[in-house]
Structure formats: structure tokens, C-alpha cells
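Colleague: Using this note's numbering, the first residue of the sequence shown is number 680, and each one after it goes up by one.
Just so you know, even glycine gets a beta-carbon here, dropped at the ideal spot from N, CA and C.
Treat the numbers as computed from the prediction; the structure is a model and nothing was measured.
Sharing a structure below in C-alpha cells format, with a few things to ask.
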Amino acid sequence: MRNFNIKRFWRTFRWYFIENRRRLLSWCLGLALAFMLIESIFMISMLRQTATFSVEGLSLQSVAVMSSFVFCAVVGVVAVFVAFSTIFSFLKTKQKRIAYLTLPATNVERYLAALLFAVVVWPICIFIAFALGDTLRMLVFGLLGEGWLSSLRLIYDTFTLSFKSGWDITWVGKAGFLLKFASWLWSCSLFILGGTWFRRGAFVIVTFAQIAFTAFCSWLLIKLFGTNGQIVIDMFDQIQHVHVLSYLVILAVTAVALFNFWLSYQIFKRFQIVPSKWTNI
């Protein structure tokens, strides 16, 4: 890290962005159309339950928006994980690998450029795709006279209710948030590790490995501690407390996530110009 230079890093990141901008644009447009279709399908199925657009129809729209958002969120998360697992997929040819590995930058700068693109640019792209798809759906439904309720505004209002209620500012709420964040960080690190290690089928391999590992850890926690799957809330004197096990799980999951990032970087340093068929080393 002592040889890290911000100018070299920025030039490397710009090169990485230029090499992936066509794929980024294609994904953005494709996801925008997918989000628009998902919202439209939910809207049409809900609005068919009422003959006229009225207060009842607006309520049905709200239900349709929230239902479609759950489906869109799943699609968005899958898209993020696919992006992470294809972090170095553009290095398909020998010429591309030579060009990237011989850039005037250190291994740290090259790796961080790819990591920044994956964890920052891709999620922003997916959010823009959702906003674009929601806007297109509003325009189409507005022209058809079916109303143009914004999904983004309704979702924002819904999620802020939990903070206004005070749940998320309690210790139980904070512990739950930290556990979710640690789990998300671990999932991201796992797919980035898979994308760095494997040349083909990284998403499928990591998905099955994650499901198997999560199921095993859940079974082990229940077997050893008898938590019945609940590791955040512990009842004591009829009062909800943060389960002691939750702190251990948060620390363990975060440590494993950081180890995955470190291991991913170690694999990146061993990239070969002519790699094997399935891996990059």
C-alpha cells in the first residue's frame, strides 16, 4: 500500500470502466425493461380486481407496487451477485489479459479498480435501471389513464416508517442491522472471490456453495446452541435483549468476509496470461 498512487489508480479504473461500459449499458437497459415488465404485470393483475380507478384502485396500486418491489429486489440482488462473479470476465482473450496485467499500475491498484467498479458502479447501475424502469412504467400507465404511482416514493415512505417507529434505534434493531450487513458483506466477498478464482460458472458454483454452507451453519447453530434459528433476540424477564450469540456471529461473518477479500487479492496476484480452462491461475 505504500506504493499506492491515486493518479495511477484513477487511470486504471478509467481503463477498466471503458472496457466494461458496453456490458454495463446493456445490463442497465435490459434490467430497466425487466423491472418495467415486472411492475406492469403486478399492476395489471391488481387493477383487474376493480372496475374503476378510484381510492380502492389506488390502494391496490400500492399493494401492487410493494409486491413488485419484492420481486424486483430479488432480481436486483441476483444481478449484483452476477456482476460480482464476473468481475474479471472481460479478460477472455490473451490480448486483454496482457493489456490489463501490464498496465502501469501496481497489483493493489489494478485489483482495487476492479473491486470499486464491482461494489460501487454496478449497484448504482442497477438502481438507475430500477428508476428508469419505474419511470417508463409510470409513463405508460399515465398515458393509459391508469395512474402513475411512483414506486420509489412509496418504497422510501415505507422503509422510513421503521426508523420513525424507533425499532431500528434500539439495541435489538442495531444488532439485527449489523447481522444483515455482515451477511451481505460476506455474500459479496464470496461472489467476488468466486469471480476472481473461476473463469467459468463462477455464479453457479458460488451459489450452490453458499446455500450449502449457510444451511450447514444454521443447522450447527441450532444443534449446538438450541436457538431455533433466532440469534438476535433473547427473552429475559419478559424483555427483549440482544442474544449474546449474535455478537459472535457478526464478528465471525465479518472476519470471514475480510478473509475472502484478502484471498481474492492473493489469487489476483497469481493471474496467468494463459490460464487453465476453469480458473484464472
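1) Tell whether a beta-carbon distance below 9 angstroms holds between Leu-833 and Met-745.
2) Nearest CA to the CA of Lys-948: which residue from Ile-960, Ala-778, Lys-775?
3) Below 8 angstroms, can you find three or more Cβ-Cβ pairs linking the region 779-789 to the region 743-758?
4) Measure from the alpha carbon of Gln-951 to the alpha carbon of each residue in Ile-777, Ala-762, Trp-689, then state which is nearest.
5) Just the Cα atoms here: how many angstroms apart are Ser-724 and Leu-937?
6) Roughly how many angstroms lie between the CA atoms of Trp-863 and Leu-900, to the nearest whole one?
7) State the DSSP-derived secondary structure class of Thr-958, mapped to helix, strand or coil.
8) Please confirm whether Leu-703 and Cys-804 have their CB atoms less than 9 angstroms apart.
9) Quick one: grab the DSSP three-state call for Phe-683.
10) To the nearest angstrom, how far is it from the Cα of Gly-908 to the Cα of Ala-894?
11) Taking only three categories from DSSP, how would you classify Phe-940?
12) What would DSSP say about Phe-887, mapped onto helix, strand or coil?
13) Between the C-alpha atoms of Val-883 and Phe-767, what's the straight-line distance to the nearest angstrom?
14) Val-932 and Leu-858 - do their beta-carbons sit closer together than 9 angstroms?
15) Phe-877 by DSSP, collapsed to three states: which one?
16) May I ask you to report which of helix, strand or coil DSSP gives Gln-951?
17) Along the alpha helix (DSSP H) that carries Thr-814, what are the first and last residues, could you check?
18) Given a cut-off of 9 angstroms, decide if Leu-794 and Phe-887 are closer than it, judged by their beta-carbon atoms.
19) Please report the distance separating the alpha-carbon of Leu-942 from that of Gly-873.
20) Is the beta carbon of Phe-809 less than 9 angstroms from the beta carbon of Cys-751?
21) Taking Val-798 as part of the alpha helix (DSSP H), name the residues at either end of that continuous run.
22) Which word fits Gln-945, buried or exposed, when buried means at least 16 other C-beta atoms lie within 10 angstroms of its C-beta?
Modeller: Reading off the structure:
1) Judged by beta-carbon spacing, Met-745 lies within the 9 angstroms limit of Leu-833, meaning their Cβ atoms are closer than that value.
2) Considering only alpha carbons, the answer is Ile-960.
3) Contact between the region 779-789 and the region 743-758 is absent, because fewer than three Cβ pairs lie under 8 angstroms.
4) Among Ile-777, Ala-762, Trp-689, the Cα nearest to that of Gln-951 is on Ile-777.
5) Taking the straight line from one Cα to the other gives about 44 angstroms.
6) Put simply, the backbone Cα of Trp-863 is about 19 angstroms away from that of Leu-900.
7) Strand, per DSSP.
8) Judged by their CB atoms, Leu-703 and Cys-804 are nearer to each other than the 9 angstroms cut-off.
9) Phe-683 sits in coil when the DSSP states are folded into three classes, being neither helix nor strand.
10) Any reading at Gly-908 is ruled out, since the residue's pLDDT is 48, under 50, leaving its predicted position unreliable.
11) Reduced to three states, the DSSP call for Phe-940 is helix.
12) In the three-state scheme derived from DSSP, where H, G and I count as helix and E and B as strand, Phe-887 is classed as helix.
13) So the two alpha carbons sit approximately 16 angstroms from each other.
14) For the pair Leu-858 and Val-932, the CB atoms are nearer than the 9 angstroms cut-off.
15) Residue state, collapsed to three classes: strand.
16) When secondary structure is reduced to three states using DSSP, Gln-951 falls in the coil class, being assigned neither helix nor strand.
17) Per DSSP, the continuous alpha helix (DSSP H) segment holding Thr-814 begins and ends at 801-822.
18) Contact flag unset, no.
19) The alpha-carbon of Leu-942 is positioned some 10 angstroms away from that of Gly-873.
20) In contact: Phe-809 and Cys-751 (Cβ atoms closer than 9 angstroms).
21) Looking at the DSSP string, Val-798 is not in any alpha helix (DSSP H), and its letter there is neither H nor E.
22) With a 10 Å radius around the Cβ and a threshold of 16 neighbouring Cβ atoms, Gln-945 comes out exposed.
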